[in-house]
Ligand code: ADP
Ligand code: MG
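Residue numbers (our numbering): -6 to 363.
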């Protein structure tokens, strides 16, 4: 439904967005992952028409809308700092866009109320219509802001870090609800976030943005299992990335020599998912087993993050190696700082990347871009 072709935008000679091309499909939840300053808000503002790109075109349902004013685009935008009208009720905030619509304002109060009630129901705010927006919680304000945008029935809705201001519990609940709301309305979403779990968990497809450039577009499960480049693996933030070189079917970094598959003889990065590693007692792993790689490392710390724990180990060169465990499957282990453990993983779970950052796959083909 939406097509961006070669979008670019710079401020004071610095590129904020560069060569960005992608499509949004009908009825799709697209997430866009990028760290702070990577150009997420700039990109949404360009799509909404609040800013003009320096280069490129934007096509909505076959029509070039590159120079079309914002209010004619039919694109909803829930901005990061959602500014509700502070002296109005929830209902007045949501109705505002209907009553004051640029081309087809709705004057019939019954109709406005009906559409407003319908939307309050969808976002789970029935019963709060007459509250002032100063008398509701942050999470409820977020829903009003979403309802206010969706009530005008946009074809596409842009969400700028919609869960960023919510606390962890609420965020988890809203991830499910946002997906349900989108499915109910059949509107396409572009949801931008700096949080990899959100991007991976919520998108039908996800885009990774790095310094204003798109570095991969893929279904989350495929992107997670096989990042196209070492940069993408870094953004996903669930990998141990060791940098070194290969010698005679071994990957050498610091004092370690790890077996490396023959197809990856040019590997410069050895990458293991933090969820692929097992922690065992020293001496209990059969070191000779051909399909198992292991080394010893010192326990440093454990970080509890909701339903999971990430154990941090220190390698001989001081680098931190992480191991993730889900608390739904295992009770946490209370390792002592400095305790040495044997970390092991299957050789088949290793990803290798070349010195230019591209993934080396089993057929020795380099996929994707750097
Ligand atoms: P984020 O991914 O955190 O949303 P932004 O899209 O806001 O990042 O910003 C991307 C880059 O563009 C940043 O370096 C920012 O400083 C710059 N930028 C954004 N808007 C402007 C502007 N109006 N004037 C100058 N620089 C801007
Ligand atoms: Mg932003």
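Yeah, the Cβ is synthetic: ideal placement off N, Cα and C, and Gly gets one too.
For residue i, the three-state DSSP class (helix, strand or coil)
{"i": "residue 93", "result": "coil"}
{"i": "residue 339", "result": "strand"}
{"i": "residue 362", "result": "Low local confidence applies: a pLDDT of 39 at residue 362 is under 50, so the model's placement there is unreliable, and no value is given."}
{"i": "residue 209", "result": "strand"}
{"i": "residue 192", "result": "helix"}
{"i": "residue 75", "result": "coil"}
{"i": "residue 219", "result": "coil"}
{"i": "residue 276", "result": "coil"}
{"i": "residue 318", "result": "strand"}
{"i": "residue 136", "result": "helix"}
{"i": "residue 198", "result": "strand"}
{"i": "residue 260", "result": "coil"}
{"i": "residue 313", "result": "strand"}
{"i": "residue 68", "result": "strand"}
{"i": "residue 88", "result": "helix"}
{"i": "residue 18", "result": "coil"}
{"i": "residue 328", "result": "coil"}
{"i": "residue 126", "result": "helix"}
Status (buried if at least 16 other CB within 10 Å, exposed otherwise) for residue i
{"i": "residue 198", "result": "buried"}
{"i": "residue 79", "result": "exposed"}
{"i": "residue 38", "result": "buried"}
{"i": "residue 14", "result": "exposed"}
{"i": "residue 330", "result": "exposed"}
{"i": "residue 155", "result": "buried"}
{"i": "residue 184", "result": "buried"}
{"i": "residue 35", "result": "buried"}
{"i": "residue 7", "result": "exposed"}
{"i": "residue 45", "result": "exposed"}
{"i": "residue 4", "result": "exposed"}
{"i": "residue 357", "result": "Its pLDDT being 46, under 50, residue 357 is placed unreliably by the model, and nothing is read from it."}
{"i": "residue 107", "result": "exposed"}
{"i": "residue 309", "result": "exposed"}
{"i": "residue 203", "result": "buried"}
{"i": "residue 364", "result": "The chain is shown only over -6 to 363; residue 364 falls outside these bounds and no answer can be derived."}
{"i": "residue 100", "result": "exposed"}
{"i": "residue 0", "result": "buried"}
{"i": "residue 273", "result": "exposed"}
{"i": "residue 343", "result": "buried"}
For residue i, the residue or residues it bridges with in DSSP
{"i": "residue 186", "result": "26"}
{"i": "residue 228", "result": "BP columns for residue 228 are empty, so no partner."}
{"i": "residue 295", "result": "304"}
{"i": "residue 290", "result": "334"}
{"i": "residue 252", "result": "243"}
{"i": "residue 203", "result": "206"}
{"i": "residue 50", "result": "-2"}
{"i": "residue 57", "result": "52"}
{"i": "residue 266", "result": "232"}
{"i": "residue 271", "result": "337"}
{"i": "residue 40", "result": "According to DSSP, residue 40 bridges with nothing at all."}
{"i": "residue 152", "result": "71, 184"}
{"i": "residue 12", "result": "Answer is none; residue 12 lacks a bridge partner."}
{"i": "residue 82", "result": "125"}
Residue i versus the options, residue with shortest Cα-Cα distance
{"i": "residue 176", "options": "229, 49, 224, 20", "result": "20"}
{"i": "residue 71", "options": "129, 134, 99, 94", "result": "134"}
{"i": "residue 42", "options": "66, 344, 204", "result": "66"}
{"i": "residue 240", "options": "233, 234, 249, 232", "result": "249"}
{"i": "residue 341", "options": "269, 311, 294", "result": "269"}
{"i": "residue 119", "options": "126, 111, 125", "result": "111"}
{"i": "residue 28", "options": "266, 40, 264, 153", "result": "153"}
{"i": "residue 69", "options": "254, 222, 91, 57", "result": "91"}
{"i": "residue 49", "options": "61, 327, 254, -2", "result": "-2"}
{"i": "residue 132", "options": "327, 170, 275", "result": "170"}
{"i": "residue 166", "options": "117, 127, 189", "result": "117"}
{"i": "residue 345", "options": "73, 12, 266, 182", "result": "266"}
{"i": "residue 142", "options": "179, 237, 89, 227", "result": "89"}
{"i": "residue 206", "options": "-4, 17, 18, 25", "result": "25"}
Distance cut-off 7 angstroms: residue i Cβ against heavy atoms of the ligand NAD
{"i": "residue 259", "result": "In terms of ligand content, the structure shown lacks the ligand NAD and carries the ligand ADP and the ligand MG instead."}
Interface flag, residue i vs chain B, CB-CB below 8 angstroms
{"i": "residue 162", "result": "You won't find chain B in this structure, because it holds only one protein chain."}
Quiz item: Around the ligand ADP, which residues pass a check of Cβ closer than 6 angstroms to any of its heavy atoms?
Solution: 4, 9, 27, 29, 30, 31, 32, 33, 34, 35
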